[in-house]
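Contents: one structure, followed by commentary.
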Amino acid sequence: YADEPVDRETVRYPDGTVRLRNPNIELMDQDILYHLALGSGSHDLVEMFGDVKFVCMGGTPKRMEQFAYTIMAEIGHKLPCGTTLQDISQFSYRYSMYKVGPVLCISHGMGIPSVGILLHEVIKLMYHAKVRDPVFFRIGTCGGIGYEGGTVVISDEAVDGALRNVLELTVLGKNIQRPAKLDKRLARELKGLADPEDPYDTVTGKTMCTYDFYEGQGRLDGAFCDFTEADKMEYLESIHKSGVVNIEMESLAFAALTHHAGIKAAVICVTLLDRLRGDQVLAPKEVLDEWQQRPTKLVCRYIKRYLQMK
Ligand code: R2B
Ligand code: URA
Numbered sequence: 005y006a007d008e009p010v011d012r013e014t015v016r017y018p019d020g021t022v023r024l025r026n027p028n029i030e031l032m033d034q035d036i037l038y039h040l041a042l043g044s045g046s047h048d049l050v051e052m053f054g055d056v057k058f059v060c061m062g063g064t065p066k067r068m069e070q071f072a073y074t075i076m077a078e079i080g081h082k083l084p085c086g087t088t089l090q091d092i093s094q095f096s097y098r099y100s101m102y103k104v105g106p107v108l109c110i111s112h113g114m115g116i117p118s119v120g121i122l123l124h125e126v127i128k129l130m131y132h133a134k135v136r137d138p139v140f141f142r143i144g145t146c147g148g149i150g151y152e153g154g155t156v157v158i159s160d161e162a163v164d165g166a167l168r169n170v171l172e173l174t175v176l177g178k179n180i181q182r183p184a185k186l187d188k189r190l191a192r193e194l195k196g197l198a199d200p201e202d203p204y205d206t207v208t209g210k211t212m213c214t215y216d217f218y219e220g221q222g223r224l225d226g227a228f229c230d231f232t233e234a235d236k237m238e239y240l241e242s243i244h245k246s247g248v249v250n251i252e253m254e255s256l257a258f259a260a261l262t263h264h265a266g267i268k269a270a271v272i273c274v275t276l277l278d279r280l281r282g283d284q285v286l287a288p289k290e291v292l293d294e295w296q297q298r299p300t301k302l303v304c305r306y307i308k309r310y311l312q313m314k
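Residue numbering for the sequence shown follows this note's numbering, beginning at 5 and increasing consecutively.
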């Protein structure tokens, strides 16, 4: 597969706006972003989204709505009197999208196929809206490998269940591979924003991304299980030795598709449990809710810094 760095001219116009690596799109009369309930013919996408700088994605609609309100307070963004935030993609009944000034907050659902479809449409949205050099974040949850629940993990690399650093996709009956690379500098900058006073650890490492939550993550508690506890522990210990610090289900597509588009991206997840100690997510709901705020704090700090520097 092509592993050369993405050449800027391939992915940007001279003014820094996103250029698509698909010649078909500019030849179309209109492009319908079906799963977002938006279209280049039906909406003025430049007017609606031209000022976007950050795209923040996370699994659930509720969490992304909460994140939108949090970032609104953090950056002091005001809504017109008497209005509330609207879910722009409400009528897709698939994903939810909120816009707070330069920040777009979108739910991506669970797993590589769901986040993959969304990324195709959001990257096209960046192109139609003529957005310049956007930065994408995934704010999520994961299982820790050797880290207790509540630890924040910044990914510096994404690998699949067999430790391969590529996203594999079957296209026209052939398997193609795209390198799953994240922006290491962005990961370092985020790590630098962790507060030593935080009552939890923030670590950086390799993230494993699987196609399943149960058997695919070596859980013994799915509806099916054809391996033993000893097999599971041998696998988890071996990936731990290879530098894997957490497991989740979207980073591979997130890293590969943003890298292919030349978009800077980072993945920040909170661990819900230490997989070396168990399989079930046992923490009470209020604790889980508080833990899930932790990755958002880093992203808020990053966005605020950027906006203050402008
Ligand atoms: C983390 O949490 C979800 C599974 O519970 C999945 O979307 C992921 O990556
Ligand atoms: N999300 C995952 O994908 N795995 C876990 O163990 C917890 C959250």
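Note that beta-carbon positions come from the ideal geometry of N, C-alpha and C, so glycine has one too. Here the structure is a predicted model, which means the values were calculated and not measured.
Classification of residue i by the beta-carbon crowding that lies within 10 angstroms, buried from 16 upward
i, result
"Val228", "Looking at the sequence provided, one finds Phe at residue 228 rather than Val. Phe228 should be labelled exposed."
"Met313", "exposed"
"Pro27", "exposed"
"Arg25", "exposed"
"Glu152", "exposed"
"Met237", "exposed"
"Phe141", "buried"
"Tyr5", "With a pLDDT of only 46 at Tyr5, under the threshold of 50, the placement of this residue in the model should not be trusted, and no figure is reported."
"Pro299", "buried"
"Ala234", "exposed"
"Phe95", "exposed"
"Gly115", "buried"
Residue i to residue j span [Cα, whole Å]
i, j, result
"Leu292", "Thr155", "12 angstroms"
"Asp55", "Ile251", "34 angstroms"
"Leu122", "Lys289", "28 angstroms"
"Leu240", "Gly222", "8 angstroms"
"Ile110", "Glu125", "12 angstroms"
"Phe2", "Val107", "Look at the range of the chain in this structure, 5 to 314, and you will see that residue 2 is not part of it."
"Val119", "Met61", "9 angstroms"
"Leu49", "Val139", "18 angstroms"
"His264", "Thr145", "24 angstroms"
"Lys103", "Leu89", "8 angstroms"
"Asp33", "Ile149", "49 angstroms"
"Tyr73", "Lys178", "44 angstroms"
"Asp35", "Ile29", "7 angstroms"
"Leu311", "Val249", "31 angstroms"
"Lys210", "Gly165", "12 angstroms"
Range of the contiguous alpha helix (DSSP H) that encloses residue i
i, result
"Thr14", "Arg12 to Val15"
"Ser242", "Glu233 to Lys245"
"Pro117", "Ile116 to His132"
Simplified DSSP assignment, three categories, for residue i
i, result
"Ala6", "Unreliable positioning characterises Ala6 in this predicted model, as indicated by a pLDDT of 47, which lies under 50. The coordinate reading is nonetheless provided below. Coil, per DSSP."
"Tyr310", "helix"
"Asp202", "coil"
"Leu197", "coil"
"Gln296", "helix"
"Phe217", "coil"
"Lys57", "coil"
"Gln94", "helix"
"Lys301", "helix"
"Arg189", "helix"
"Lys210", "strand"
"Val50", "helix"
"Val285", "coil"
"Val291", "helix"
"Leu167", "coil"
Limits of the unbroken beta strand (DSSP E) element including residue i
i, result
"Ile143", "Val139 to Gly148"
"Thr262", "Premise fails: Thr262 lies in the alpha helix (DSSP H), Ser255 to His264, not in any beta strand (DSSP E)."
"Leu173", "Val170 to Val175"
"Leu277", "Lys268 to Asp278"
"Gln70", "From DSSP, Gln70 is part of no beta strand (DSSP E) but of the alpha helix (DSSP H) over Pro65 to Ile79."
"Glu152", "Run containing Glu152: none; DSSP gives neither H nor E here."
"Val104", "Met101 to Val104"
"Phe228", "That residue, Phe228, is in no beta strand (DSSP E); it is neither H nor E in DSSP."
"Glu30", "No beta strand (DSSP E) contains Glu30, which DSSP labels as neither H nor E."
"Cys109", "Val107 to Ser111"
"Val249", "Val248 to Glu252"
"Pro183", "Lys178 to Pro183"
Near ligand 2: residue i beta-carbon under 8 angstroms from a heavy atom
i, result
"Arg279", "yes"
"Phe258", "no"
"Val207", "no"
"Cys85", "no"
"Leu276", "yes"
"Val248", "no"
Cβ-heavy atom distance, residue i to ligand 1, below 8 angstroms
i, result
"Phe217", "yes"
"Glu252", "yes"
"Cys273", "yes"
"Thr145", "yes"
"Val282", "As written in the sequence, residue 282 is Gly, which differs from the Val given in the question. Checking every heavy atom of ligand 1 against the Cβ of Gly282, none is found closer than 8 angstroms."
"Met68", "no"
Near ligand 4: residue i beta-carbon under 8 angstroms from a heavy atom
i, result
"Gly154", "Questions concerning ligand 4 fall outside what the structure shown contains, since the ligands it does hold are ligand 1 and ligand 2."
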